[in-house]
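*Asks:*
Number of protein chains: 2
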Amino acid sequence: MSNKYVYLFREGNASMRELLGGKGANLAEMTNLGLPIPQGFTVTTEACTQYYNDNQTISDEIKEQIFNALKELERMTGKQFGNPENPLLVSVRSGARASMPGMMDTILNLGINEEVVQAMASKNERFAYDSYRRFIQMFSDVVMEIPKPLFEGAIDEMKAKRGVKLDTELNAEDLKELVVTFKEIYRREHGSEFPTNPSEQLIEAIEAVFRSWNNPRAITYRRLNDIPSDWGTAVNVQEMVFGNMGDDCGTGVAFTRNPATGENAIFGEYLMNAQGEDVVAGIRTPKTITELEQTNKQAYDDFIMYANKLERHYKDMQDMEFTIEHGKLFFLQTRNGKRTANAALKIAVDLVDEGMITEKEAVLRVEPNQLDQLLHPNFDTEKLQSATPITTGLAASPGAATGKVVFTAERAVELHNAGEKDLILVRLETSPEDIDGMTVCYGVLTVRGGMTSHAAVVARGMGTCCVAGCGELVVDEENRVFETKDGNQYHEGDWISLDGSTGKVYGEKIDTVDASVSGNFARFMGWADQYRQMEVRANADTPKDAKQAREFGAQGIGLCRTEHMFFAPERISAIREMIVSKTVEQRKKALEKILPMQRGDFEGLFRAMDGYPVTIRLLDPPLHEFLPHTDDEIAELSKEMGLSFEELKNIVAGLHEFNPMMGHRGCRLDVTYPEIGEMQTRAIIEAAINVTREGIKVTPEIMIPLVGEIKELKYVKDIITRTASEVMKEQNMEIHYMVGTMIEIPRAALLADEIAKEAEFFSFGTNDLTQMTFGFSRDDAGKFLDEYYSKKIYENDPFKKLDQTGVGKLVEMAAKAGKQTRPNIELGICGEHGGEPASVEYCHRVGLTYVSCSPYRVPIARLAASQAAIKNPR
Amino acid sequence: MSNKYVYLFREGNASMRELLGGKGANLAEMTNLGLPIPQGFTVTTEACTQYYNDNQTISDEIKEQIFNALKELERMTGKQFGNPENPLLVSVRSGARASMPGMMDTILNLGINEEVVQAMASKNERFAYDSYRRFIQMFSDVVMEIPKPLFEGAIDEMKAKRGVKLDTELNAEDLKELVVTFKEIYRREHGSEFPTNPSEQLIEAIEAVFRSWNNPRAITYRRLNDIPSDWGTAVNVQEMVFGNMGDDCGTGVAFTRNPATGENAIFGEYLMNAQGEDVVAGIRTPKTITELEQTNKQAYDDFIMYANKLERHYKDMQDMEFTIEHGKLFFLQTRNGKRTANAALKIAVDLVDEGMITEKEAVLRVEPNQLDQLLHPNFDTEKLQSATPITTGLAASPGAATGKVVFTAERAVELHNAGEKDLILVRLETSPEDIDGMTVCYGVLTVRGGMTSHAAVVARGMGTCCVAGCGELVVDEENRVFETKDGNQYHEGDWISLDGSTGKVYGEKIDTVDASVSGNFARFMGWADQYRQMEVRANADTPKDAKQAREFGAQGIGLCRTEHMFFAPERISAIREMIVSKTVEQRKKALEKILPMQRGDFEGLFRAMDGYPVTIRLLDPPLHEFLPHTDDEIAELSKEMGLSFEELKNIVAGLHEFNPMMGHRGCRLDVTYPEIGEMQTRAIIEAAINVTREGIKVTPEIMIPLVGEIKELKYVKDIITRTASEVMKEQNMEIHYMVGTMIEIPRAALLADEIAKEAEFFSFGTNDLTQMTFGFSRDDAGKFLDEYYSKKIYENDPFKKLDQTGVGKLVEMAAKAGKQTRPNIELGICGEHGGEPASVEYCHRVGLTYVSCSPYRVPIARLAASQAAIKNPR
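Here you go:
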């Protein structure tokens, strides 16, 4: 039996998203709901997979199904493909399971050729040639990969010749001439005539859409959005309706609620006498949807009615595309709209209040990662008041950003890789090619484009602050400078600040202040916490971080890295004294100097975390990290320390390691220098006793890093328990504390049943575990991982998203084995994955007790843990 | 119910080795056989474990059992502990499950105190005080850790005062005086009087033996000999018989066959009027056992009779200790004797020919590691003829060694660590403290001591060449020089050569030639191969190595490291050209220069391995290994390559890695530079076609290193199969080849079921797998592993002996998963563990197809695999 690879819209429905893609499934659903939809059919995602399996060809079987569907479409529309008298023109558009806006390709007006255009011209000449030149342009770009600028250059030339500014000012003759020029460009670049057979055009276009699934920007987008590369895309072939037939025509996009604020009011834009991407490309500045009421009340009223119907049907804010052809409204697409985090929260809360969804459903409606936008600093209000904006644009994506100007995406990536983190991308307009550059910038400023322009949509999706449409600015990308209306110039590297919530741009650096959780956010998080089964702790090394973490809802510290406390100038000299010690006695003397400082650190943490557990990891990095490495620095330090240059140089050389990641660090330090563990334990227990006397409740969890063997754990644990007993006896007070281990060495995971005999808790250190399991170091993998992404060997950075099949297998084995040995064992994760939603869900599924992440990701982890619990009841 | 911790000799037997230790079990067995054995009892190894569990104390329960046994011993002997009239004196000796000669401690004559000695003196004054001074000396050393040299110094002083040379020349008065001096030393060093209560002496001595299980040299010995530290030692308490009662007394050691050659003739030495260690300490030069026939025919005949009885009973060559007291023979110990590899082979073959054991039993009689001695070079006969010996000593351990003189064990270790491998240790005599130094030397030369001296016994065990008893030499260890009889001086660093088979010493470097397998060795290996179920291949990169491997019985090449072919001067410049290439085209051009060389390499290997598989690993190391790193070298090379210094320096800097072990290497190189894999595949397939045309049979197995993910494997495999098809088409010839992968990254082991879909074979790269699984790099772990050994966290170097519990778990999982996916998958190991007997046995147990090791270890692996198959039928 043969597979069904092509579905008419009326054959599908919204539940068939996997097969038909999001766009196809929704077109089918809207057809069923009775909305005015130009009819058509969908070539399935399975056909795409088959296309790749068949060595990038469309099989005869699939072709046959396509042409059968086309025949049915001709029957329904009464038009005929390639028939000049009554031509059927179609659009060919991609549509994956997950929305990938702007990432893949669209071809409009397919079915035109010289005969058809002449027949069309006899009715409306300008429209006919405008449609034809658009088709040639899109087909050449998408199917034949002929560079777009060749065509755009020809249009610019024509506009200059005619002395006009806008495309719409070109007349039919101009467009006719352009068609000739375009065909010449095609012939020159491609080496053959532009294809005239509509069926051939159609198959080539469908293949091109399939191919576009694997274009570099789609691959990058998938990686950033965790979309598997084996899903494939569907292709939608739909009868054209025309927004470019004259001034009673137009095309637009709209949201049922405001995607920036969540306000419950239709929000959208449209352009008259325009087609396709004209609105979102930001070339002409569009009108707001409410203006449509004046122009065409019927179309407006219909639009509002259908929009409300769609929102009620999908129970979520909708993002719709529509076209008006000679005054009549058509819907081309609907989907759940992308929105800012603030809007997502407001919409979720409002939908609950409106009785449309339950609290539990609401919790599932917000992408945890999106909260990131709300957790980053805003401008310091005081500082902001004294600043004067240099220009104002559209508040396209909220938040505050301060940074140095950069003018191209490539340069932004280059500077970022060189260590510059404070960057703001300033562009005339952005395009999908800029996505990598946008990712590394704190903010984006564009001269052209509206709220639905590429820059605005993408920035909102990323949670990056964006001010769009700053039309007053003159940007000279080549010379890396922009000029304000009053003539001030800003060069690459100059500081500016963007307020994405007001659209204001400042020509200076403005300090920012921390975010907090309140209002809708707090209410929503309250719902989320009801369902959560894992604790969320934070990785924090200072009382300041600990306080921030508590404000964000952390239920303890899952990782305090004690070495971070050693780098302060007054401390590092004591550490260095310890390192250069020749005897145990010298080393103990140096450690005694550090003891009171460490004790003070821990007291601060314990106070900040009153009532919650605090997990403290013993010293982890190799000792050479505390010593300088260049001759000049060594010379200076040797004077300071009263050593000869050679002595110190020898010590540094002696500590050199070939592979520091796999060297003398972690608990290996305590095995060779037990006095370090003794000092740290003493500091922890003394601090706990001191704050207990103040009335603070504290349970220190002492964590031993880099364990690979139970005897090693036991050796270090013995140092800890011996010292703790000593201190408690001295101080005449008992303190409850726990001793556990990191699981970050594969061997520890493999032997977790043994290890659990001595460890009261496991904390999965998935950063190191990922390095060891993959056999590549994070510092070095950058050199080849890009090739691995572009060759689709790895789809995600395993240091960002936990590798569930490989590293996860070890985590799961160890969690299971640990529980078998010690049923009440506490299981946590403290790698960066602890704040990554997919990884958090995984942690829930394998039964961890808690996740720990950076303070700024605590609410994300809380929401992710909640969603995980709802989706995977334990 | 209480445990039985103490067994009388008559209560045990040879099968109780685990409980009673080797010495105790054999004393029990000899008692049952009716041999003349001084009676006694054994405190079990379980008592030792209990002692450590009880915080290093002997429990009251065990003490009670000891004193009950002592009472029974008094009853049997009719003597009484501490009774001056009829005193029972005992020896207290350690005895572990595995023989650890000289590693732990012995105390003789225990039970003497001032009253007892006086009573004894009334019968034989010299004997009484000789026994007493020996007891004080041993008790002080073993129990109280008072340095031996203090006592030896006192003896030397006494000898000087009396103007005599030998201990035996001291008279009773002298010894009496020495006892007083010894007690003074004890009082001064220990701060209290020497203990007079025999029961107290006994318990202290037993505790000291238990403690000696964990002295540093015992720990080192266990590590070198794979003896687990949790076994513990038993303690044997035995009635004393005295070899030091006069000239009709003596003590000796003997073997039933010659331990150096295997010759079937009693072989041994004895000293008259001596006790305990006097014979093996090499202080006086002993007489051969055959001389006893003249002195005491009865004792000699008895000895021969009992020795033959023991050999027939144990069906193996015996190593016996005996004492003659007033002409009457007593056996103190028997055990299977240590022997050279040649002797082991001869004895095994002879025992089969004598009908005493089967071929299968014979195969189990030779320690695989011992064959190592036979596989190393001997002197080039021609070169040897032109050399004149500078002295001749005893041929104490066979083999040939040439190297630079070093005078202390510490200095040998120091030089070895600094990279000096050609070392020969020259000592007055060796002691157990020298064991680390002996391990790193090619040969050992001593001035004092016989065939059973410490140096001789230990060297034979290690397979290290040794010439002992070169009494003509004058060694000045302090000034690092020795002088021959004719006044020539040899300083540290001067070359000498030792012939351990003739005892000749040469004052120059003498070249050596390779070993071969013939005679008993070949016959024995033939038996071994009958039982073997795994193939044995070799790691070989050159035709020369490949030929050597075949001579040693390799059945193919399991690992050819192609990078080793790149370091020759004429090649490295092409490699460097490839590395500095800026475009794919430049890189391909450079690779084309390498192609014919690589093809030639492979042709050579294929010819050498005609009929056997050859596994070729694609380029593995990071590219920076082929470039220089110092500024001077970079400057020189930049001139050579026509680059500016800065350009080349930048390239070198750009290739720098923080953790090269976890960097851009292995198949990651082929993913980023597919043209490298293409060139290597082309070289392999073209070479295979060329030699096939010559009539050679070849199956190349192309191996992809460092795989962690199936898509990565697939990507590189596609490069290989595509290129191979191209070449076969060009050459119009089909070649059978395989494509497989190393399993050396934990993730590959975890996902082996997936990986096996694309891999026709797995080869476990347990060197890297060990690094990644333990999370420490071999280059860096040296800095802390010694602490781990001394703290008993790890007992073995996991890079030498496969960590079966951790790394082995991954190997086992992967082998199982691989077979599940692909039942006929070929499974091999090519890490250094492939030549380590315990690891080979493990490989057999988990079902590997083959092991691959260095050519010189091939016979070892063959024997180990055979023994594994006999012990673990599949």
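In the order they appear, the protein sequences are chains A and B.
No gaps in the numbering here: position 210 of the first sequence is 210 in the numbering used here, and each next residue is one more.
The numbering used here runs 1000 ahead of the 1-based position in the second sequence.
Glycine included, every Cβ here is placed at the ideal spot set by N, Cα and C.
#1: May I have a chain-ordered list of the beta strand (DSSP E) segments no shorter than 3 residues that lie completely inside the segment 1361–1431 of chain B?
#2: Output, in sequence order along the chain, the residues in the segment 790–804 of chain A whose CB is closer than 8 Å to any CB in chain B.
#3: Leaving aside the five residues before and after residue 1649(B) along the sequence, list all residues of the same chain whose C-beta is less than 7 Å from its C-beta, in chain order.
#4: Here's the rule I'm using: 16 or more other beta-carbon atoms within 10 Å means buried, otherwise exposed. How should residue 859(A) be labelled?
#5: So, is residue 1145(B) buried or exposed, given that buried needs 16 or more other C-beta atoms within 10 angstroms?
#6: Would you verify that the beta carbon of residue 670(A) is, or is not, closer than 8 Å to some beta carbon of chain B?
#7: Answer yes or no: do residue 579(A) and residue 627(A) have a C-beta to C-beta separation smaller than 8 Å?
#8: Output the distance between the C-alpha atoms of residue 1535(B) and residue 1849(B), rounded to the nearest integer angstrom.
#9: Based on DSSP bridge pairs, tell me the residues matched to residue 1253(B).
#10: For the beta strand (DSSP E) that contains residue 1335(B), what are its first and last residues?
#11: Just how far apart, CA to CA, sit residue 419(A) and residue 413(A)?
#12: What would DSSP say about residue 699(A), mapped onto helix, strand or coil?
#13: How would you call residue 1236(B), buried or exposed, if buried means at least 16 neighbouring beta carbons within 10 angstroms?
#14: Would you please verify whether the beta carbon of residue 1771(B) is less than 8 Å from any beta carbon of chain A?
#15: Does the CB of residue 1144(B) have a neighbour CB from chain A at under 8 Å?
#16: Taking Cβ-Cβ distances shorter than 7 Å, what residues in chain B pair up with residue 305(A)?
#17: If you measure from the beta carbon of residue 750(A) to each beta carbon in chain B, is any gap under 8 Å?
#18: Name, going along the chain, the residues of the segment 1775–1789 of chain B whose beta-carbon falls closer than 7 Å to a beta-carbon of chain A.
#19: Could you list the residues in the segment 822–852 of chain A with a C-beta less than 8 Å from some C-beta on chain B, going in chain order?
#20: Straight-line CA distance for residue 272(A) to residue 251(A)?
#21: Since residue 1179(B) and residue 1221(B) should fall inside the 8 Å C-beta cutoff, what is the C-beta to C-beta distance between them, to a whole number of angstroms?
#22: Report the option in 1560(B), 1732(B), 1558(B), 1591(B) whose CA atom is closest to the CA atom of residue 1572(B).
#23: What did DSSP end up calling residue 829(A) once you bin it into helix, strand or coil?
#24: Whole angstroms are fine: how far does the CA of residue 1065(B) sit from the CA of residue 1001(B)?
#25: By DSSP, does residue 1083(B) sit in helix, in strand, or in coil?
#26: Closest to residue 1607(B) by C-alpha separation, out of 1644(B), 1136(B), 1595(B), 1544(B), would be which residue?
#27: Could you tell me whether the Cβ of residue 1719(B) comes closer than 8 Å to any Cβ of chain A?
#28: So, for residue 1101(B): in the same chain, excluding its five sequence neighbours on each side, which residues have a beta-carbon less than 7 Å away from its beta-carbon?
#29: Rounded to the nearest angstrom, what separates residue 1198(B) and residue 1141(B) at their Cα positions?
#30: Whole beta strand (DSSP E) runs in the segment 1459–1506 of chain B with 3 or more residues, listed along the chain?
#31: Hey, is residue 1658(B)'s beta-carbon within less than 8 Å of any beta-carbon in chain A?
#32: Quick one: which unbroken beta strand (DSSP E) runs of 3-plus residues sit fully inside the segment 704–763 of chain A? Chain order, please.
#33: Check whether the segment 1464–1476 of chain B and the segment 1390–1398 of chain B touch, using three or more Cβ-Cβ pairs below 8 Å as the test.
#34: Compare the C-beta of residue 262(A) with all C-beta atoms of chain B and state if any pair is closer than 8 Å.
#35: Does the pairing of the segment 687–702 of chain A with the segment 595–615 of chain A give three or more beta-carbon distances under 8 Å?
#36: Between the segment 1699–1717 of chain B and chain A, which residues of the former have a C-beta closer than 8 Å to a C-beta of the latter?
*Replies:* Well, looking at it:
#1: Fully enclosed beta strand (DSSP E) runs of 3 or longer: 1389–1392, 1394–1397, 1400–1406, 1423–1427.
#2: Considering only beta carbons, the part of the segment 790–804 of chain A lying closer than 8 Å to chain B consists of 791, 792, 793, 794, 803, in chain order.
#3: 1634
#4: buried
#5: exposed
#6: no
#7: yes
#8: A straight-line Cα-Cα distance of about 6 Å links residue 1535(B) and residue 1849(B).
#9: 1269(B), 1321(B)
#10: DSSP places residue 1335(B) in the uninterrupted beta strand (DSSP E) bounded by 1328–1336.
#11: 10 Å
#12: strand
#13: buried
#14: yes
#15: no
#16: Under the 7 Å cutoff, chain B gives no residues; its nearest Cβ is about 50 Å from residue 305(A).
#17: yes
#18: 1775, 1776, 1777, 1779, 1780, 1783, 1784, 1787, 1788
#19: none
#20: 6 Å
#21: That belief does not hold up - the Cβ atoms of residue 1179(B) and residue 1221(B) are roughly 33 Å apart, past 8 Å.
#22: Cα-wise, what sits closest to residue 1572(B) is 1591(B).
#23: strand
#24: Confidence in residue 1001(B) is poor, its pLDDT being 47 and thus under 50, which makes the residue's placement unreliable; the coordinate value appears in the next sentence. So the two alpha carbons sit approximately 14 Å from each other.
#25: coil
#26: When only C-alpha atoms are compared, the closest one is 1544(B).
#27: no
#28: 1457
#29: 17 Å
#30: 1465–1468, 1474–1476, 1481–1483, 1489–1491, 1495–1499, 1504–1506
#31: yes
#32: Along the segment 704–763 of chain A, the beta strand (DSSP E) occurs as fully enclosed runs of 3 or more residues at 738–743, listed in sequence order.
#33: With a cut-off of 8 Å, the segment 1390–1398 of chain B and the segment 1464–1476 of chain B count as touching, because enough Cβ pairs lie within range.
#34: The C-beta of residue 262(A) comes no closer than 8 Å to any C-beta of chain B.
#35: yes
#36: 1706, 1708, 1709, 1711, 1712, 1715
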